[in-house]
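This report refers to the structure that appears directly beneath it.
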Amino acid sequence: MMNYARCTTHDSVKDLSIRQLDHLDDDDSNSIGALLFHIASMEFFYRTWTFEERNLNLEEKQFWDPGLKLGELGREQVKGKDLAYYLDLLKEERSKTLDCFRTREDSWLDIEKPLNHKPSNHYFHWFHVFEDELNHRGQIRLLRKKQRRAGIG
């Protein structure tokens, strides 16, 4: 399922220019580039939190926070990169995640670990990672449609 979600994300951003990746639909929106960075950021965070059983260190936070938090921080810091940058980042993070999954038995998914002070397990954590990607892929498709209508391309 994770690989299918990623494939549909790739299809949604095919051939985008830096201008399209950085375009802001309005003052409060996230760019497509920021959404792609967010998807990679979420994967990095959840892999670190679930497989390594730790929080992000200061250096990791400095790099990933614009993607994790989005909003003003993302608008300020996530821009000027070409599509290859985001696709390479997504590929690298997914490769590391799959390597981690290969080291675990399926029963690892059942290990309980609260999320936002609510009961949860690793299965749900990783469901959330690709569910979040699918939601943002929907946003990306909407933003692309709006860009086409506005002649941005």
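Per my numbering, the very first residue in the sequence shown carries number 22; after that it's consecutive. No residue lacks a Cβ here, since even glycine has one placed at the ideal position from N, Cα and C. Remember, predicted model here, so these are calculated numbers, not experimental data.
- With contact defined as three or more Cβ pairs closer than 8 angstroms, the segment 90-101 and the segment 116-131 are not in contact.
- Note that the C-beta distance between I60 and L164 is not below 9 angstroms.
- Per DSSP, reduced to three states, the secondary structure at N142 is strand.
- For L79, the number of other beta carbons within 10 angstroms of its own is below 16, and it is reported as exposed.
- Looking only at H149, I161, R40 and H31, the smallest Cα-Cα distance to G174 is reached by R40.
- Counting the other CB atoms within 10 Å of its CB gives F58 a total of 16 or more, which places it among the buried residues.
- When DSSP states are grouped into helix, strand and coil, L37 belongs to the coil group.
- In the structure shown, the three-state DSSP call for L104 is helix.
- The C-alpha of L45 lies about 14 angstroms from the C-alpha of G172.
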